[in-house]
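In order, the protein sequence lines correspond to chains A and B. Here our numbering is used: the first residue of the first sequence is 1, the next is one more, and so on. Here our numbering is used: the first residue of the second sequence is 1001, the next is one more, and so on. Where is the CB? At the ideal position from N, CA and C, for every residue including glycine.
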Amino acid sequence: GAVVSQHPSWVICKSGTSVKIECRSLDFQATTMFWYRQFPKQSLMLMATSNEGSKATYEQGVEKDKFLINHASLTLSTLTVTSAHPEDSSFYICSARVGLAEDTQYFGPGTRLTVL
Amino acid sequence: AQSVTQLGSHVSVSEGALVLLRCNYSSSVPPYLFWYVQYPNQGLQLLLKYTTGATLVKGINGFEAEFKKSETSFHLTKPSAHMSDAAEYFCAVSDTYGGSQGNLIFGKGTKLSVKP
């Protein structure tokens, strides 16, 4: 079946540093990748949608200069949290979609970011 | 705006007992509804979906859900719980199916525990 991986699975960093999270579709090419953020006991919230070779589309309230998304190939998208602060600590989840329908969206296992 | 409410952040059942996970939604247009399951350290997996047609939908692992428009509900059930069903379950709604943007709205999730 379709598998999406994320690396790293967890990361701890100091305030002010930047952190890069990778999302890979291992056995399929993804036309679209999505990034979600999940705070404890909260819903997954969509941050941005990215199509290969295009600029990401960010949801309202998400700072595009802080959360840099690069979708350089059909199997890799990266999320860079720039100048991270403690309030950026969260669980970041990516998903990759092989077609247009929502049920062709496959999710990665998530990355736990803790900013000290 | 769409929203999803999952009643009960934690549900505990005995092995062999009925599983009932509740999901209510709000949507101004006919909704598309989904249930996902997340096992520890894994990505969300699609359990089942409702798009159109029969309101009782069957998914993987013996789960099913019924779309009740009058009650704006999409509760997930399984007649007999198994230890392997222990996981976190997310209900999601979308106002489109097959669109080019990510538009899944998730509930906060319900953690299911199964007692021997």
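- Contact holds between the stretch 83-97 of chain A and the stretch 17-24 of chain A, because three or more Cβ pairs, one in each stretch, are under 8 Å apart.
- The straight-line gap separating the alpha-carbon atoms of Gln105(A) and Cys13(A) is approximately 30 Å.
- Between the alpha carbons of Asn1024(B) and Pro109(A) lies a gap of roughly 26 Å.
- Annotation: Ser1084(B) is outside any beta strand (DSSP E) and is labelled neither H nor E by DSSP.
- Closest in alpha carbon position to Glu1064(B), among Met1083(B), Leu1007(B), Tyr1036(B) and Gln1042(B), is Tyr1036(B).
- Between Leu1047(B) and Gly1059(B), the beta carbon gap of about 4 Å places them in contact (Cβ cut-off 8 Å).
- Taking C-alpha positions only, Leu116(A) is separated from Ser18(A) by approximately 12 Å.
- Distances from the CA of Ser1028(B) to each of Gly1109(B), Leu1112(B) and Ser1094(B) were compared; the closest alpha carbon is that of Ser1094(B).
- Below the 8 Å Cβ cutoff, chain B contributes Asn1041, Gln1042 and Gly1043 as neighbours of Pro109(A), in chain order.
- A distance below 8 Å between beta-carbons, with the five flanking residues on each side excluded, links Gln29(A) to the following residues of its chain, in chain order: Leu74, Thr75 and Val98.
- Chain A has a Cβ within less than 7 Å of the Cβ of Gly1107(B).
- Take the alpha-carbon of Ala48(A) and the one of Tyr1050(B): they are about 25 Å apart.
- In the three-state DSSP reduction, Lys41(A) falls in the coil class, being neither helix nor strand.
- Legend: CB atoms of the stretch 1075-1088 of chain B lying less than 9 Å from CB atoms of chain A are not found in any residue.
- Contact annotation for Ser43(A) against chain B: Phe1106, Gly1107 and Lys1108 [CB-CB distance below 7 Å, chain order].
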